[in-house]
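Protein sequences, first through last, are from chains A and B. Start counting the first sequence at 1; every next residue gets the next number (full-length UniProt numbering). Start counting the second sequence at 1; every next residue gets the next number (full-length UniProt numbering). Here a beta-carbon is modelled for each residue, glycine too, at the ideal position from N, C-alpha and C. Values in this document were obtained by computation on a predicted structure and should not be read as measured data. Inspection log for the structure reproduced underneath, given as C-alpha cells.
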Amino acid sequence: MYVRAVPPTDLNRNTEWFTYPGVWTTYILILFFSWLIVLSLFGSSPGTAWTIVHLSHFFVTYHFFHWKKGTPFGDDQGIYNGLTWWEQIDNGKQLTRNRKFLTVVPVVLYLIASHTTDYQNPMLFFNTLAVFVLVVAKFPNMHKVRIFGINADH
Amino acid sequence: MITIPYLTALTTYFSYGLLFAFGQFRDFFRKIFDWWHASNLQGYAPICLGLEDFYFRRLYHRIQDCFGRPISSAPDAWFDVVERYSNDNNKTMKRTDKINRCLNLGSYNYLGFAASDEYCTPRVIDSLNRFSASTCSTRVDGGTTTVHKELEECVANFVGKPAAIVFGMGYVTNSAILPVLMGKGGLIISDSLNHNSIVNGARGSGATIRVFQHNTPSHLEKVLREQIAEGQPRTHRPWKKIIVVVEGIYSMEGELCKLPEIVAICKKYKAYVYLDEAHSIGAVGKTGRGVCELLGVDTADVDIMMGTFTKSFGSCGGYIAGSKLLEGFYSVMMAGAIGKICPVIREELIQYLKYTCPAHLYTTSISPPAARQIISAIKVILGEDGSSRGAQKLARIRENSNFFRSELQKMGFEVLGDNDSPVMPIMLYNPAKIPAFSRECLKQNIAVVTVAFPATPLLLARARICISAAHTKEDLLKALEVISEVGDMVGIKYFPAEPKKLEQGKDTIKLE
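Structure below.
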C-alpha cells in the first residue's frame, strides 16, 4: 500500500516533517503501544496504565511543544530561536488541520483515562489539570504569549 | 512525486522518534554529570544554545563515517578513498595510511573533466606557470587577467547571452547576487526545494520571500496572483520587483524544471526569471547548453541565468549571464538610488553588477588555472579543439544515465529523476538504512553519497548517484550488481521487480 509524498512549501525543516502522510497514525500507534508497555511493566489495572500514559504524554508534549524553543540544527541560523515548536508549525498559521488534530489528542486521552479509572478522585484531578494546561497552551490567542515572562527570550 | 509504502513511513517516524528519545536521555544525563563537574567557561556564554547542535551531536555523529570521507586522488570514475577508524564510537575519526580504490558514484563529474584530460590539463599547467595559482587580488584591484576576460566572453557565448560575470565560488554567486538584485520591497518567489545558497541569499536580501510548491506551475500562478493582488505586507503598496527563482536540475531529486510553463507564467505577470543551472549546464541538452536547450526555451526569455563550473567543467566558481531586456530592471534601481526622476541610463545588467556586487568588488578573483580549465572544457564541449570528444561525452552521459536509471527501476528500487538527468537518488527512507547502505557499498568498493535530514525532508533520506561520462559500461554493470546485492541485504527494493526478459519471451511463444 503506497502513499504519495508531496513536498510542502514549509522551509522550516523542524516542522515540515509533520505534514507528510503517516504522522498521525504513528502518533496514535506510539500512544497505544506505550499503554501496552506500561501495562506489562507495572502490572497495574488498565485505568492506572492510561493515567500514567496520559500524564507522561502531558510532560513530554509540554516540554517539546511548548517549552523548548528553536530548532535542533544550526542550518537556519537561529531565525526560529524565539519560537516554540507549536508556534513554528505551519509557519505560524492558526487552526490548521495539524493543529486541530494535536489539540484533540490530549482531550481524547483524557476521556479514555478518566473513563477507565471510573472518575475516581486523585487521578481525576491530575488528569484534568494536565488536559487543561495542554489545551489552553494550544489556543490561537496564546501564540507567542509568555505568561509572567516565563520562558521568554533574554 | 515520491511514492512511499505506508508501513515504511510509519517505521521511519518510529525510528526517528526512538533516536530522538535516546538522544534526549543521553543529553539529560550528560547535563546531570556536567552539573557535578565545574565548567571551564569562566563566565563566557556558551557558543551554542543547548538545543542547536542536538541533531549534530546525537544523530549525525553516530554515522559520521559515512560522510566526509577523505579521498587521495582526483575524483575520476575510480578514485582512492582513505580508510578511517574511530576509537570513541564515531565522535572523532582518525585517518590511516591505507586507501581503497573505489568506483566513484558521488562526485559531480558529469562530463569526465574531473581527472586529467588530454586537452585541458596541459593548458592548465601552462597557465599555472604563466599566471601562478592565485591572482592575490580582487577583480577591481589587480585581479582581472586576460584569462578572466576570455572566460567571461566564452561563458556568455556558450550560454547564449550578451555578457557574463564570473565569481570564484558557486555558493557565493547565489548568496551575494540575490541581495544586490533585490532589496526591501521586492518579492522573491522560490521553489520549495531550492538550494541552501538561494535560500540564504534570499534571506540576506531583505526582500519578502514566498515559496511555491515544487515544480508546480499552477501553484506558482496562484502565489503570484495572490501576492500581486495583496502587495507589500502591511502597506499594501505594489511590489518594487518580483523575481521567481528556479533550478534547472534539482540536485536532490534529479528532476528537470518545468521551464516552459514557468517562463510563460512569469511573462504573463511580468515577473523576472532567475534560473540556477548548477547541475544542468554542460550535462544536458544536445550541445550541452543546459536545460533551456533541452526543453526548447529561448534564452532571451530567461532573464538571469546562473550556473556553476564545479559540476560539468571540472573546475570551481560560478557565473551570472544576463540579458539586455533587463534595462527596465536596473533603471528602476538607478532611479531609486538617485532618488529623483532622471533620464534612464542604458547599461547592461552585468556592468551594473560589476560595480555593486560584493563578490566582485571584495573577494579574490577566480584562480587563473581554474579559469583556463573552464575555457578548455567549454572548447572541448563545443568541438572547437578539433575533435568530436565533446559530442561523444554528451552522448555517453545521456546513454549512461538512461541505462542506469532504467536498470535500477527494473530491479525494484525507487529512483527519482527524469530521463536524461545524470542525478539519480535512490530512496532509502529509514535512518538505519543510510549507514547500512553506505558501509556495505564501501566494503565492496563502491563509494556512494547518502543524504539525510536536514538536507532532505525527514522522511525522505536517499542515496544520490551521479553518473559521469567517464564511467564505462563495465563500471556501471559492476555498480548495478553491487547495488542490487546491497539493496537486497538492506531491504530498499520497495517496488516489485520486473520479471526477467527470458520468462516474457517464453510466454509470448506459448501464446502463439
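Taking the CB atoms as reference points, tell me whether residue i and residue j lie closer together than 7 angstroms.
| i | j | result |
| --- | --- | --- |
| Pro130/A | Leu55/A | Correcting the residue identity first, residue 130/A is Ala in this sequence and not Pro. In this structure, Leu55/A lies closer than 7 angstroms to Ala130/A by Cβ. |
| Ala164/B | Val172/B | no |
| Leu181/B | Val166/B | no |
| Ala447/B | Gly106/B | yes |
| residue 543/B | Lys184/B | What is shown of chain B runs 1 to 512, which leaves residue 543/B out entirely. |
| Leu275/B | Met252/B | no |
| Ile188/B | Ala176/B | no |
| Leu428/B | Ile492/B | yes |
| Cys102/B | Val81/B | yes |
| Gly296/B | Ser280/B | no |
| His214/B | Pro7/A | yes |
| Ala133/B | Ser367/B | yes |
| Ser192/B | Val223/B | no |
| Thr51/A | Met123/A | yes |
| Pro435/B | Ser401/B | no |
| Pro233/B | Glu261/B | no |
| Tyr362/B | Thr144/B | no |
| residue 600/B | Val246/B | Nothing in the structure corresponds to residue 600/B, since chain B is present only between 1 and 512. |
| Glu348/B | Gly307/B | no |
| Tyr119/B | Lys311/B | no |
| Val302/B | Val273/B | yes |
| Thr26/A | Leu18/B | no |
| Thr96/B | Leu459/B | no |
| Thr96/A | Asp90/A | yes |
| Pro238/B | Gly248/B | no |
| Gly74/A | Asp153/A | no |
Could you round the C-beta distance between residue i and residue j to whole angstroms and report it? I think they count as a contact, below 8 angstroms.
| i | j | result |
| --- | --- | --- |
| Val490/B | Lys443/B | 12 angstroms between Cβ atoms; not a contact. |
| Val380/B | Phe437/B | Between Phe437/B and Val380/B the Cβ distance is about 35 angstroms, and since that is not below 8 angstroms, they are no contact. |
| Ala371/B | His148/B | 6 angstroms |
| Pro221/B | Leu416/B | At residue 221/B the sequence reads Glu, which differs from the Pro that was named. The pair is not a contact, with the Cβ atoms about 25 angstroms apart (cut-off 8 angstroms). |
| Leu198/B | Asn174/B | The amino acid at residue 198/B is misidentified as Leu; the sequence shows Ile. Contact holds; Cβ gap of about 5 angstroms. |
| Ile397/B | Phe413/B | At roughly 20 angstroms, the Cβ-Cβ gap does not stay under 8 angstroms, so Ile397/B and Phe413/B are not in contact. |
| Pro162/B | Tyr2/A | Incorrect: roughly 49 angstroms between the Cβ atoms, too far for contact. |
| Trp24/A | Pro457/B | The pair is not a contact, with the Cβ atoms about 17 angstroms apart (cut-off 8 angstroms). |
From this set, the options, which residue's C-alpha is nearest residue i's C-alpha?
| i | options | result |
| --- | --- | --- |
| Phe22/B | His37/B, Gln42/B, Arg62/B | Arg62/B |
| Ser468/B | Ile125/B, Met424/B, Lys149/B | Met424/B |
| Thr116/A | Asn127/A, Trp67/A, Thr26/A, Pro46/A | Pro46/A |
| Arg30/B | Arg57/B, Tyr16/B, Tyr13/B, Thr12/B | Arg57/B |
| Pro21/A | Tyr16/B, Ser15/B, Thr8/B, Leu41/B | Thr8/B |
| Ala321/B | Leu480/B, Gly143/B, Lys258/B, Gly160/B | Gly160/B |
| Asn90/B | Asn200/B, Ser484/B, Arg69/B | Arg69/B |
| Ile375/B | Glu414/B, Met411/B, Ser315/B | Ser315/B |
| Gln392/B | Val449/B, Asp418/B, Thr472/B | Thr472/B |
| Ile465/B | Cys292/B, His236/B, Leu480/B | Leu480/B |
| Tyr355/B | Asp141/B, Phe33/B, Ser73/B, Arg84/B | Asp141/B |
| Pro358/B | Ala45/B, Tyr60/B, Met411/B, Met169/B | Met169/B |
| Arg225/B | Ile99/B, Lys268/B, Arg237/B | Lys268/B |
| Arg13/A | Glu498/B, Ala452/B, Asp488/B | Ala452/B |
| residue 517/B | Pro238/B, Ile249/B, Leu394/B | A question about residue 517/B goes unanswered here, because the residues of chain B that appear run from 1 up to 512. |
| Glu293/B | Asp420/B, Tyr85/B, Glu474/B, Ile99/B | Asp420/B |
| Phe404/B | Lys286/B, Lys478/B, Gly186/B | Lys478/B |
| Asp475/B | Pro454/B, Asn445/B, Pro499/B, Ala497/B | Asn445/B |
| Glu498/B | Thr121/B, Arg389/B, Lys410/B | Lys410/B |
Contiguous alpha helix (DSSP H) assignments of at least 4 residues, all confined to the segment 218-283 of chain B: 259-269
Under 8 angstroms, CB to CB, which of the residues in the segment 49-61 of chain B have a partner in chain A? Leu49, Leu51, Glu52, Asp53, Phe54, Tyr55, Phe56
In chain order, which alpha helix (DSSP H) runs of at least 4 residues are fully inside the segment 167-212 of chain B? 170-181, 196-205
Which runs of the alpha helix (DSSP H) at least 4 residues long sit entirely within the segment 117-172 of chain B? Give them in chain order. 120-131, 146-159
Residues within the segment 206-233 of chain B neighbouring chain A, beta-carbon criterion of under 7 angstroms: Val211, Phe212, Gln213, His214
Taking only beta carbons into account, state which residues of the segment 5-16 of chain B come closer than 7 angstroms to chain A, listed in chain order. Pro5, Tyr6, Ala9, Leu10, Tyr13, Phe14
When you check each C-beta in the segment 450-464 of chain B against every C-beta of chain A, which residues fall closer than 8 angstroms? Phe453, Pro454, Pro457, Leu458, Leu459, Leu460
Beta strand (DSSP E) runs wholly inside the segment 384-433 of chain B, at least 3 long, in chain order: 423-427
Listed in chain order, which residues of the segment 11-35 of chain A have Cβ atoms closer than 8 angstroms to some Cβ of chain B? Leu11, Arg13, Glu16, Trp17, Tyr20, Pro21, Gly22, Val23, Thr25, Thr26, Leu29, Ile30
Quick one: complete alpha helix (DSSP H) runs, 4+ long, within the segment 1-64 of chain A? 23-42, 46-61
For the segment 104-137 of chain A, which residues have a beta carbon sitting closer than 8 angstroms to at least one beta carbon of chain B? none
If contact means a Cβ-Cβ distance below 8 angstroms, which residues of the segment 177-196 of chain B contact chain A? Ser192, Leu193, Asn196
When Cβ atoms are compared, which residues of the segment 72-102 of chain A fall closer than 9 angstroms to chain B? Pro72, Phe73, Gly74, Asp75, Asp76, Gln77, Gly78, Ile79, Asn81
Under 7 angstroms, CB to CB, which of the residues in the segment 400-419 of chain B have a partner in chain A? none
Short-range partners of chain B found in the segment 52-69 of chain A, where Cβ spacing is below 8 angstroms: Lys68, Lys69
At 4 residues or longer, and completely inside the segment 72-142 of chain A: list those alpha helix (DSSP H) runs for me, N to C. 85-88, 97-116, 121-137
Those runs of the beta strand (DSSP E) which lie wholly inside the segment 298-327 of chain B and span at least 3 residues: 304-308, 318-322
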